[in-house]
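Trainee:
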Amino acid sequence: MLPRRARCACASGEERVEMRVIDFRSRPNTKEYLVALDSPVQQTVMRKLGSPVPPPVTLEQWIENFEADGVERVVFTGRQSEGTTGHDVTNEYVAKTAQRFPGKVIGFAGINPLQGMRSVRAVEHAIKVLGLKGVSVDPYGGLVAANDRRLYPVYAKCAELDVPVVITCGPLPFPGPRLAHGDVRAIDDVACDFPELTIIVDHFGWPWVTETIAIAFRHENVFIDTSLYSHLPGASLFAEAANTIIPDRILFASCFPVVPVKTAIARVSSLPFTPEALERVLHTNAENLLRKIHAGGRVGIGYAFNFAFRQAAAIRLIVEDLAQPLVGKTIADRRAHALAMWRQLNFIGQTGPSAMAMSVVDTALWDLFAQSLATPLHRLLGSVRTQIELYPTGGFLADPIAAVIEEVERHRAAGFRRCKIKVGHPDWQIDVARVGKLRAAVGDDFGIMIDANQAWGVSDAIAAGRRFQDLGVCWYEEPVSVYDVAGTARVADALDMQVAAGESVFTRYGHLELLDGKACDVLMPNLMRCGGPTEFMEVGALAAARQVPVSSHTFTEISAHLVAAMPNATFCEYLPGWWEKLFNEEPKIVGGMFHLPERPGLGLSFSREIIERYGSHG
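Residue 206 is where the sequence shown starts when you use our numbering, and the numbers rise one by one after that.
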């Protein structure tokens, strides 16, 4: 059964579309919770906001109702304050609800932050014992501002445990608290003093609209939820901010049962969001934050690429579908997750975009698991080496041979012992002449590798290969179509130099066909087309059983971890200038050798600037 999606229309009048929704603030309208609304304070709030109290339902009906409204998951927050807002919602009740509906309900603890060490111990108990994923505090209800130093031990404990804190801001329409108690500008102090703490500003921070936006713009650890006040004057400014300066920091929240879910979705959708921004607010921003929360604050990375943006966007959609069922699952069960993804894709198959999407998720899972053990991925896999020889790839067909020679000379001066260039002109004699000039320039002691990218038929590939062989070429990659396994085998059998293949086939089964057909001397799996590290390691084992060496294709920074754990591996391909900017960390390459990082996991993090500029990401 497919999940329902909310019907949304942007204020710009664009066509209504169905969007997935995550509600970052919801509580069930069960008898246990509705008693919290049965107080003069809450009755005043609901009367002024024009929302009648909904009738009581069971927890199962609450789940069914929010799914019917197009919501796939909710964050259920407890409440504990000094009594100004009515009855508390206990953390035990929140935890039992989240445990009863895994994947549907994410529980956040309500903490009274004004009880000193008792508050700190309550946070630790909620996270470590009850298994809740975040904390919610209500300084306004306690008659203090968010930057009151009595709250700082709670913030410090949340930062230590790497869990987010939701801070109620904005004045609720009932007597008792002063306007200053809800002043969102106090959040700036908290964000400055706790830069590693993820802060979610509740209720839009209204009426301090521009101030709330400015704080989120200043501090990347500050998020804003849309609960309660998204229909009041000034709310449209949040849409403008989401369209421009803080695209990833606004989260949809209904504040149900105070505000009906459909009403909240309609109010937010009526604001002048672009379609892309509305999708981020209703779903993507919360999805990304929840993934980080469920991973204990750690972020596993994985990526796929394509030269056509719309095709990359299709891969992204499959990634989202594969990742969603994993939320809340145990990170250690990686092979079970890989099998579940494989089965999930049975209908459309596991090759093409499916394999690429599996690779993104599987890579992130391995990265997360290694991080959770505070060990580099290559050591988790049982590395047999900590340095891998690289060979640069370049010398494209459009490059004049003089430029190719200059490029190769630079690589040799940097300490590389071999380099790969492209061949594949319709007249292969042109390529033979180019390779001959390169050999004359670099001498006999430098390794020349060539990649034909499936350019020729079998006869031409063999004829050209014999000429390349005479020039001392040591590596002949994809001389014919990868679908012609028998033809590739004929080329390999006719020549004395290594014939390499594998980058263009998918999963272990595509590589098994090459191995069983004796089609190559070197197998070169591509992490993305394999389907991730799980499949990549299976490919390596299949090759090892047949005494065939392995050399990875691209994805150097990730594949090196896997190759390091393969005794039958030789070296990794390296495309200078292609991927370095994608990561914040610089690869350590000395004398043509890639030095594996000793940081936990892959030891990599994405460059925010590059991802936002070029990525199709969820």
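For glycine and all other residues, C-beta sits at the position ideal for the given N, C-alpha and C.
1. His488 by DSSP, collapsed to three states: which one?
2. Would the stretch 803 to 814 and the stretch 612 to 630 be scored as touching if the rule is three or more Cβ pairs under 8 angstroms?
3. Does the contact criterion of 3 or more C-beta pairs under 8 angstroms hold for the stretch 347 to 355 versus the stretch 505 to 524?
4. Once DSSP output is grouped into helix, strand and coil, what is the label at Ser588?
5. Using only alpha-carbon positions, find the residue among Val325, Pro369, Ser757 that is nearest to Gly312.
6. Quick one: Cα of Thr289 to Cα of Gly381, how far?
7. Please state whether the Cβ-Cβ distance between Val414 and Ile392 is less than 8 angstroms.
8. What did DSSP end up calling Ala738 once you bin it into helix, strand or coil?
9. DSSP three-state call for Phe811: helix, strand or coil?
10. What residues match up with His758 in a beta bridge as DSSP calls it?
11. Rank Val240, Gly707, Ile470 by C-alpha distance to the C-alpha of Phe229 and give the top, closest one.
12. Which residues does DSSP list as the beta-bridge partners of Thr373?
13. What does the Cβ neighbour count give for Lys362, buried or exposed, with the cut at 16 atoms within 10 Å?
14. Between the beta-carbon of Leu531 and the beta-carbon of His542, is there less than 8 angstroms?
15. Establish whether the CB of Leu319 and some CB of chain C are separated by less than 8 angstroms.
16. Is the beta carbon of Met798 closer than 8 angstroms to that of Phe760?
17. Got a sec? Which residues, its chain only, sit under 7 angstroms from Val565 by beta carbon, not counting five neighbours each side?
18. Could you tell me if Cys397 is buried or exposed, where buried requires 16 or more neighbouring beta carbons within 10 angstroms of its beta carbon?
19. Suppose contacts are defined by Cβ-Cβ distances below 8 angstroms. Is Asp698 in contact with Glu682 by that definition?
20. Closest by CA to Val768, which one among Glu614, Ile610, His583?
21. Hey, Thr235 and Pro261: beta-carbon distance below 8 angstroms or not?
22. Determine, using beta carbons only, whether Ala440 and Leu495 come nearer to each other than 8 angstroms.
23. On the premise that Ala694 lies in contact with Ala666, defined as a C-beta separation below 8 angstroms, what is that separation, rounded to the nearest angstrom?
24. So, helix, strand or coil for Ile455, using DSSP?
25. Would you call Pro754 buried or exposed, if buried means 16 or more other Cβ atoms sit within 10 Å of its Cβ?
26. Check whether the stretch 773 to 786 touches the stretch 555 to 570, counting contact only when three or more Cβ pairs, one atom from each stretch, lie closer than 8 angstroms.
27. Which one or two residues does DSSP pair with Trp680 in a beta bridge?
28. With distances taken from CA atoms, which of Ala562, Asp538, Met546 is nearest Ala517?
29. In whole angstroms, give me the CA-to-CA distance for Thr712 and Phe601.
30. Once DSSP output is grouped into helix, strand and coil, what is the label at Asp526?
31. Taking the beta carbon of Ser664 as the centre, do at least 16 other beta carbons fall within 10 Å, making it buried, or is it exposed?
32. Would a C-beta distance cut-off of 8 angstroms place Ala364 and Leu402 closer than the cut-off?
33. Please tell me whether Pro684 and Gly670 are closer than 8 angstroms, where the distance is taken between their beta carbons.
34. Taking DSSP as the reference, what is the three-state secondary structure of Asp430?
35. Closer than 6 angstroms by C-beta to Ser756: which residues in its own chain qualify, once you throw out the five before and the five after it? Chain order, please.
36. Report the three-state DSSP secondary structure of Gly288 (helix, strand or coil).
Mentor: Checking against the coordinates, here is how it stands:
1. helix
2. no
3. Contact fails between the stretch 347 to 355 and the stretch 505 to 524, because fewer than three Cβ pairs, one in each stretch, are under 8 angstroms apart.
4. Note: Ser588 maps to coil in three-state DSSP.
5. Checking every option, the nearest Cα to that of Gly312 belongs to Pro369.
6. Confidence in Thr289 is poor, its pLDDT being 45 and thus under 50, which makes the residue's placement unreliable; the coordinate value appears in the next sentence. Taking the straight line from one Cα to the other gives about 7 angstroms.
7. no
8. In the sequence as displayed, the identity of residue 738 is Pro instead of Ala. Pro738: helix per DSSP, three-state reduction.
9. strand
10. Asn731
11. Looking at the Cα atoms, Ile470 is the closest of the given residues.
12. Asp407
13. buried
14. Going by beta carbons, Leu531 and His542 fall inside the 8 angstroms limit.
15. Among the chains of the structure shown, chain C does not appear; only one protein chain is present.
16. no
17. Gly507, Tyr508, Ala509, Val524
18. exposed
19. no
20. His583
21. yes
22. no
23. So it is not a contact: roughly 12 angstroms between Cβ atoms.
24. strand
25. Flag for Pro754 reads buried.
26. no
27. Answer is Met654, Gln703, bridged to Trp680.
28. Ala562
29. 28 angstroms
30. helix
31. exposed
32. Their beta carbons are under 8 angstroms apart, which means Ala364 touches Leu402 by this criterion.
33. With contacts defined as CB atoms closer than 8 angstroms, Pro684 and Gly670 qualify as a contacting pair.
34. Assigned with DSSP and collapsed to three states, Asp430 falls in strand.
35. Counting only Cβ-Cβ distances below 6 angstroms, and skipping sequence neighbours, we find Val727, Met729, Thr775, Phe776.
36. Since pLDDT at Gly288 reaches only 48, below the 50 mark, its modelled position is unreliable, and no value is offered.
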